[in-house]
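Peer 1: Have a look at this one.
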Amino acid sequence: MKRLLPWVLLVIAAAQFLIVALPPGNDDLISIQSLALDFDGSNTRLLYPGKNFALNDPWIAHHETNLRRLGGSGEPNWCFYPPLIPYLLSPVAGVSAETWRIVWGMMQLVFVVLYALLIRRLLQSIRPCGYSCTVIVFALVLGSFPLARSLELGQTSLLVAVLLWAGIIAALTGRTIWRRTAVGVAAVLKPFLLLVEVPEIAERKFTRATASLAVWFGLMLLALILLGWTVHRSYLDFLVTLGSSQTAYSGNQSLLAGVMRLFSDWPVTDYGFGQERGWLVLGRFISVVVLAVAAWAQFRGMADVISSVGLWLSAALIALPISWEHHLLLLLPVIAWLWATTDDRPSRLFLGVATLLLSVCWTPLYGEDGIRRMAASLPLFGNVVLFVLLIHTRVRGAKAAPRPA
């Protein structure tokens, strides 16, 4: 029975993956393609929706035209990426949306395998990861709803995760230049990833930490030189507006969204973006508190590199006012690492709860009334449990460390 368990887990995980992820979608991918089409035609006036989401009818009309031209369906979606990304893709912007979807979907399936192999390589640094271990790793990856959701939407989160963790794992064997480059490039797509360099700052490795920032800054400066300030100004306006917006939508797994689902009547099954000062203040307060707790744990305790990176990834995804569910796939190597390094039964119990909450597709339970609203926060609860467990790991490590004579 013990030999069969990994295969049972793999079958269950694969079933969820097939149901959620296939066929791969392009709801988010086509937003990048629409901007790439504008760059291809030198029409950059309406790349981003501007400061007021409620009054962006010209933007909607423009990108609806782009969607129809590309053979896409549905409604225009915001592109959350900096102008450099669609600009680099503009030479192939005129290819049909269906071709983009198929090609990107095939690439993402390759990333799934690469991600699993990266996690296996990480575990190999602790102890040999044999046949059963490899099967369990693939079950963990395929069974991740955030990962499957990323494929379903045509997102870039899996690519970012592979890039980020390839660099971090390479640094474990002394190739730190790979980590600096990987973090800097990944941060162009997801700026909050720069937080993973906080442990380096805490250990006074300032040169290493600033190297990642330099890579990110260099790429952004290159984009500014290539594309000009006007394009980037519209992107910054969009980010500022987004940063002061709130949504209780189930896809948002931030702590603020969880509180909103509990104490407000904002919609859970629809985006419902809004801007209310009370929620804005609460969101900023939550961000400060969560990051302060992470900083306290960082300076208070001792832990390995992976747990330190995991602490800041988990904290960022809790603290951000808008934290999309597919970003949670970034935590998979941390979860695998903790399973391999955690020995005491209570911690493993909490880790099991976190893994379950972060992996299972809970969406059939979501709704607009009572307990169904709270069900939409189950992945958030899993991340909070993981965050607490990572703090416990650091503090316990500090207590167990020998004191200087």
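With the sequence shown counted from 1, adding 3 to any position gets you the numbering used here.
Where is the CB? At the ideal position from N, CA and C, for every residue including glycine.
From which residue to which residue does the alpha helix (DSSP H) around D301 run?
Peer 2: Position 298 of the sequence shown holds residue 301. Looking at the sequence shown, residue 301 is not Asp but Gln. Element bounds for Q301: 280-303.
Peer 1: Please state if the CB of V271 and the CB of Y409 are separated by a distance shorter than 8 angstroms.
Peer 2: Residue 409 lies beyond the range of the chain shown here (4 to 408); nothing can be said about it.
Peer 1: Let me know if L359 comes out buried or exposed under the rule of 16 or more other beta-carbons within 10 Å of its beta-carbon.
Peer 2: Working through the sequence shown from its first residue, we reach residue 359 at position 356. So L359 counts as exposed.
Peer 1: From L156, Y274, S257, V165, pick the residue whose C-alpha is nearest to that of L323; which is it?
Peer 2: Sequence index remark: in the sequence shown, residue 323 carries index 320 (1-based). Of L156, Y274, S257, V165, the residue nearest in Cα terms is S257.
Peer 1: With a floor of 4 residues, list each alpha helix (DSSP H) that falls wholly inside the region 103-151, ordered by position along the chain.
Peer 2: 134-145
Peer 1: Looking at the unbroken alpha helix (DSSP H) that takes in G355, where does it start and where does it end?
Peer 2: As a first step, residue 355 is located in the sequence shown; it is residue number 352 there, counting from the start. Start and end: 348-362.
Peer 1: Just reading off the alpha helix (DSSP H) that E67 is part of, what are its end residues?
Peer 2: To locate residue 67, count along the sequence shown from 1; it is residue 64. Counting along the chain, the alpha helix (DSSP H) containing E67 begins and ends at 60-73.
Peer 1: Please state if the CB of H330 and the CB of L314 are separated by a distance shorter than 8 angstroms.
Peer 2: Within the sequence shown, the letter at position 311 stands for residue 314. Within the sequence shown, the letter at position 327 stands for residue 330. Their beta carbons are not under 8 angstroms apart, which means L314 does not touch H330 by this criterion.
Peer 1: Using the Cα positions of G261 and V388, report the straight-line distance between them to the nearest angstrom.
Peer 2: Along the sequence shown, one-based indexing puts residue 261 at 258. Along the sequence shown, one-based indexing puts residue 388 at 385. Spanning the two alpha carbons is a distance of roughly 14 angstroms.
Peer 1: Write down the C-beta distance between A190 and W181 rounded to the nearest angstrom, noting that I regard them as a contact closer than 8 angstroms.
Peer 2: Position 187 of the sequence shown, counted from the start, is the residue given in the question as residue 190. Position 178 of the sequence shown, counted from the start, is the residue given in the question as residue 181. That pair is no contact at about 15 angstroms.
Peer 1: Report the three-state DSSP secondary structure of N386 (helix, strand or coil).
Peer 2: Locating residue 386 in the sequence shown gives position 383, where the first residue counts as 1. Here N386 sits in helix by DSSP.
Peer 1: Could you name each continuous beta strand (DSSP E) segment of 3 residues or more that falls completely within the region 191-239, going from the start of the chain to the end?
Peer 2: Unbroken beta strand (DSSP E) stretches of 3 residues or longer found wholly inside the region 191-239: none.
Peer 1: Which residues in the same chain as V108 place their Cβ atom closer than 6 angstroms to its Cβ, once the five residues preceding and following it in sequence are excluded?
Peer 2: Taking the sequence shown and counting its residues from 1, the one referred to as residue 108 is at position 105. The sequence shown places Gly at residue 108, rather than the Val named in the question. Contacts found: P27.
Peer 1: Cα-Cα, which of V356, E371, C364 is closest to N386?
Peer 2: As a working note, residue 386 is residue 383 in the sequence shown. Ranked by Cα distance from N386, the first of V356, E371, C364 is V356.
Peer 1: Nearest-angstrom Cα distance between L383 and V363?
Peer 2: The residue you call residue 383 lines up with position 380 of the sequence shown. The residue you call residue 363 lines up with position 360 of the sequence shown. So the two alpha carbons sit approximately 12 angstroms from each other.
Peer 1: So, at 6 angstroms on beta carbons, what are the nonlocal neighbours of I33 in its own chain, with the 5 sequence-adjacent residues on each side left out?
Peer 2: Working through the sequence shown from its first residue, we reach residue 33 at position 30. Answer for I33: G75, A100, listed in chain order.
Peer 1: Please classify D31: is it buried, with 16 or more other beta-carbons within 10 angstroms of its beta-carbon, or exposed?
Peer 2: Position 28 of the sequence shown, counting from 1, holds the residue named residue 31. Buried: at least 16 other Cβ atoms inside 10 Å.
Peer 1: Mind checking W282: buried by the 16 CB within 10 Å criterion, or exposed?
Peer 2: Taking the first residue of the sequence shown as 1, we reach residue 282 at position 279. Classified as buried, W282 has 16 or more neighbouring CB atoms from the shown chains inside 10 Å of its CB.
Peer 1: Go ahead and label T396 buried or exposed: buried means 16 or more other beta carbons lie within 10 angstroms of its beta carbon, across all protein chains shown.
Peer 2: Taking the first residue of the sequence shown as 1, we reach residue 396 at position 393. Buried, by the Cβ-count rule.
Peer 1: Nearest to F266 by CA position, among R376, D273, L333, is which residue?
Peer 2: Along the sequence shown, read from residue 1 onward, the residue named residue 266 stands at position 263. Taking only the C-alpha atoms, the option nearest F266 is R376.
Peer 1: Rounded to whole angstroms, what is the Cα-Cα separation between R399 and A297?
Peer 2: Sequence index remark: in the sequence shown, residue 399 carries index 396 (1-based). Sequence index remark: in the sequence shown, residue 297 carries index 294 (1-based). Taking the straight line from one Cα to the other gives about 15 angstroms.
Peer 1: Between L333, D43, I204, V293, which lies nearest to L143 when the distance is taken from Cα to Cα?
Peer 2: For the purposes of this step, residue 143 is taken as the residue at position 140 of the sequence shown. Taking only the C-alpha atoms, the option nearest L143 is L333.
Peer 1: Whole angstroms is fine: what's the gap from S215's alpha carbon to L222's?
Peer 2: Translated into positions along the sequence shown, residue 215 becomes position 212. Translated into positions along the sequence shown, residue 222 becomes position 219. Approximately 11 angstroms, taken between the alpha carbons.
Peer 1: Is it true that the CB of V308 sits closer than 8 angstroms to the CB of L410?
Peer 2: Within the shown structure, residues of the chain are numbered from 4 to 408, placing residue 410 beyond reach of any answer.
Peer 1: Is Q158 helix, strand or coil by DSSP?
Peer 2: Counted from its first residue, the sequence shown places residue 158 at position 155. Here Q158 sits in coil by DSSP.
Peer 1: Excluding sequence positions up to five away, which residues of its chain have a Cβ less than 6 angstroms from the Cβ of W104?
Peer 2: Counted from its first residue, the sequence shown places residue 104 at position 101. It is Arg, not Trp, that sits at residue 104 in the sequence shown. Around R104: N29.
Peer 1: Compute the distance between the beta-carbons of P194 and S311, then report whether it is under 8 angstroms.
Peer 2: In the sequence shown, counting from the first residue as 1, residue 194 sits at position 191. In the sequence shown, counting from the first residue as 1, residue 311 sits at position 308. It is not a contact, given that the beta carbons lie outside the stated cut-off.
Peer 1: Where does W365 fall in DSSP's three states?
Peer 2: In the sequence shown, the residue the question calls residue 365 occupies position 362. It is coil, neither helix nor strand.
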